[in-house]
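Asker: Numbering (this note's numbering), first residue to last: -6 to 380. Glycine is no exception: its CB is placed at the ideal position from the N, C-alpha and C atoms. In this text, all values refer to a predicted model and were calculated from it rather than measured experimentally.
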Amino acid sequence: MNRIERIRQLCGHGSLEQAGGAEPYQQVATWHAIVCSRLGRSLERRRRTFDYLQQAVLKTKRDGAALLVVAGTAPEPWVRRAAELFHVPLQVLEATEPHSRDRLLVGAADRVFAVWVRRRGKIAELLGRRLAVCGDESTWVAVNEDADCAARSLIARGAVGWYLPEPDLQGSAVPATGDRAAILKAQAVDWTQYLVHCTRGRGGPLPGQSEAQYHDEVLLGGEGGRPATAAETLRKILASGWLLGAARVSRREFPVVCWSEVPLPKCLARRIFRPHLGRWDYEPFGLAVRKSAAQRLGIQPVIYGTAAERERLPVDQRWRFQAQGTRVDWRNEKEWRCRGSLDLSRVSADEALVFVGEPGAVAATAAVSPWPVVDVATFLCSAKGVQ
């Protein structure tokens, strides 16, 4: 089936005329398209998607084909940049109606690489229609273990199943620092004596890394672009010896590291999933530093107030300011901050603890920690739900 006939069957007989006629679609070059369902906020769950995307781009290059993109589709910015990085010709199409973008991408391509397809989603439906019309081996679908993946049903309808083996990550594991750290019981710790810093999984740029740099690292498979779970983030912090400051909470003017004076059991018991952020407000992984050590390190309590009160603060103290809030009273967080990044080598062996919320992560964390490690999974039993 030629390209024009395929587009008319999949996109409608009027689609070519609406897009400016058939001439752009009569080019001799072979078009490969990379399609995917929306990735969502958590790229950690989709880390394998970018392995497939990279391989699709490289196969396009080997085949002497061009990468096809339709403006406004989910993979467009990633595919555009990948075409630049790997020197692959790019063909850009514009859909006249937003709802027809994915349909045009799936219909116009001579070969489709589906790097992530959600069950019962729009992309799954469009690929099913393509399989019914084309009846060939031009539709490749990435296979993964996600329960929400549509690959199995699409393969049953004629798609080519595409599987990449998991990479060997042993070579990138954080190095051990020597003897394993002591492992303590959570109930043996007086948490009122500590400030806590919870780490989070990472699915975006590192502190100090631009969006463009992050996208390049993701596409090239670099360490700076690999999503990380909260446990992996914690181990990387311990291995590096630094807690890097970020400016997201301080009007982007002053990089800070945030801590809470709320005792960890209470902090984790009242944690809430924030749908608008796509994450929990606290994760059960992180560092706890004695308050006496925190003060020595320059960690200071936040100054809560109104916008007007912030303007009255000396400029060199505004990094400590946090709006007290209206709908949510942020004063309940009892936040402290460290300005800039924190050199963890300044924290002695008896001044800090490391806490993890998964029993299976204790040993790996103890292998890289200079401080005792505490399993705090029991603190999660009474955690709240969604807000």
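Cβ atoms of S253 and L188: under 8 Å apart, would you say?
Answerer: As a first step, residue 188 must be located in the sequence shown, where it is residue number 195. As a first step, residue 253 must be located in the sequence shown, where it is residue number 260. Closer than 8 Å, so yes.
Asker: List the residues that DSSP assigns as beta-bridge partners of V99.
Answerer: The residue given as residue 99 occupies position 106 in the sequence shown. DSSP, once it has assigned bridges, lists no residue as partnering V99.
Asker: Pull up the distance between the alpha-carbon of R303 and that of K52, whole angstroms please.
Answerer: Residue 303 sits at position 310 when you count from the first residue of the sequence shown. Residue 52 sits at position 59 when you count from the first residue of the sequence shown. For R303 and K52, the distance between alpha carbons rounds to 55 Å.
Asker: Hey, would you say L231 sits closer than 8 Å to V361, going by beta carbons?
Answerer: Residue 231 sits at position 238 when you count from the first residue of the sequence shown. Residue 361 sits at position 368 when you count from the first residue of the sequence shown. Yes, Cβ-Cβ distance for L231 and V361 is below 8 Å.
Asker: Can you tell me which residues form a DSSP beta bridge with G279?
Answerer: Working through the sequence shown from its first residue, we reach residue 279 at position 286. G279 is bridged to C191 and F348.
Asker: Do L157 and D44 count as a contact pair if the criterion is CB distance below 8 Å?
Answerer: Sequence index remark: in the sequence shown, residue 44 carries index 51 (1-based). Sequence index remark: in the sequence shown, residue 157 carries index 164 (1-based). Yes, the pair counts as a contact, with Cβ atoms nearer than the cut-off.
Asker: Let me check understanding here. Comparing Cα to Cα, which of A135, N137, V136 and L120 lies closest to D129?
Answerer: As a working note, residue 129 is residue 136 in the sequence shown. It is L120.
Asker: For the beta strand (DSSP E) that contains S233, what are its first and last residues?
Answerer: Here residue 233 refers to the residue found at position 240 when the sequence shown is read from its first residue. Segment A223 to S233 is the alpha helix (DSSP H) holding S233; no beta strand (DSSP E) there.
Asker: Give me the DSSP bridge partner(s) of H25.
Answerer: As a position in the sequence shown, residue 25 is number 32, starting the count at 1. Paired residues: L60 and R104.
Asker: Are the beta-carbon atoms of L124 and G100 separated by less than 8 Å?
Answerer: Here residue 124 is taken as the residue at index 131 of the sequence shown, counted from 1. Here residue 100 is taken as the residue at index 107 of the sequence shown, counted from 1. It is not a contact, given that the beta carbons lie outside the stated cut-off.
Asker: Determine the closest residue to T23 out of L78, Q84 and T185, with distance taken between C-alpha atoms.
Answerer: Taking the sequence shown and counting its residues from 1, the one referred to as residue 23 is at position 30. Ranking the options by Cα distance to T23, first place goes to Q84.
Asker: Out of P352, V308, P248 and E87, which has the shortest C-alpha to C-alpha gap to A64?
Answerer: As a first step, residue 64 must be located in the sequence shown, where it is residue number 71. With distances taken between Cα atoms, A64 lies closest to E87.
Asker: Can you tell which of K327, D322 and I292 has its C-alpha closest to the C-alpha of Q310?
Answerer: As a first step, residue 310 is located in the sequence shown; it is residue number 317 there, counting from the start. For the residues K327, D322 and I292, the minimum Cα distance to Q310 belongs to I292.
Asker: Identify the residues that DSSP records as bridge partners of A175: which are they?
Answerer: Mapped onto the sequence shown, residue 175 falls at position 182. A175 pairs with nothing; no bridge assigned.
Asker: Out of A281, R41 and R31, state which residue places its alpha-carbon closest to the alpha-carbon of C191.
Answerer: As a first step, residue 191 is located in the sequence shown; it is residue number 198 there, counting from the start. Comparing Cα positions, the closest option is A281.
Asker: Under the DSSP definition of a beta bridge, which residues are partnered with E118?
Answerer: Position 125 of the sequence shown, counted from the start, is the residue given in the question as residue 118. Per DSSP, none; premise fails for E118.
Asker: Quick one: residues in its chain with C-beta nearer than 7 Å to the C-beta of V72, no 5 flanking neighbours on either side, listed in chain order?
Answerer: Residue mapping note: residue 72 aligns to position 79 of the sequence shown, counting from 1. Answer for V72: I27, L60 and V62, listed in chain order.
Asker: R173 to A76, Cα distance in whole Å?
Answerer: In the sequence shown, counting from the first residue as 1, residue 173 sits at position 180. In the sequence shown, counting from the first residue as 1, residue 76 sits at position 83. About 45 Å.
Asker: Quick one: grab the DSSP three-state call for G13.
Answerer: Residue 13 sits at position 20 when you count from the first residue of the sequence shown. A caution first: G13 carries a pLDDT of 44, below 50, which makes its placement in the model too unreliable to give a value.
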